[in-house]
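In this text, residue positions in the sequence shown follow the UniProt record's numbering: the first is 1, and each later residue adds one.
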Amino acid sequence: MGIDVLLESWRQVVRSLPDARLAIVGVGSQDADLRALAQKLPIGSVQFMGRLSDEMLDEIYAKSWMTVVPSVALEGFGLISIESQARGRPVVVTNVGGLAGTVAGLDTSLVVPPASSEALAERIIGALEGNRPSSEQCIASAGRFNWENVARQHLSLYQELAN
């Protein structure tokens, strides 16, 4: 999925910002390999959270400065990106599938090339140092994806196709 790329980039992040912490949410078939990669990083800089309830996920978003979606394979739609923005958190995404569209109009520098740990590290460091959209900007950006707006866009598309 790209978590391996994120872990590689994290080495550079903690070199620049030693107090930075990374919480990895979710589980997958590569867990053992990813944990082995994380063991090579400074102790305590990475925490594997596993699968979380919606309530726990809300707590993680509230405590976080940002979210990273480092996908390297086709990603149809970036729900994690929208959820993060809706909670006022900026998100760094890779230019894979629909991810870039989730931050379109917010800040194009939040989109990095897939599988580039250097570009990902550079953008994470920039965001952690303050070069990121405000909470209000993130919430407004996520508003583009609310049910009313999505329904309006679909209706417009259907009307255009019918004509």
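Yeah, the Cβ is synthetic: ideal placement off N, Cα and C, and Gly gets one too.
- Annotation: the segment 75 to 135 contains the following complete segments of the alpha helix (DSSP H) (minimum length 4 residues), in chain order: 79 to 86, 99 to 102 and 117 to 128.
- Between the C-alpha atoms of Gly126 and Asn163 there is a straight-line separation of about 47 Å.
- For Gln47, the enclosing beta strand (DSSP E) begins and ends at Val46 to Gly50.
- Per DSSP, Leu7 is one residue of the alpha helix (DSSP H) stretching across Ile3 to Ser16.
- The C-alpha of Asp19 is placed about 21 Å away from the C-alpha of Pro70.
- A Cβ-Cβ contact shorter than 8 Å links Val93 with Gly78.
- Under the DSSP assignment, Ala23 falls outside any alpha helix (DSSP H), being part of the beta strand (DSSP E) whose first and last residues are Leu22 to Val25.
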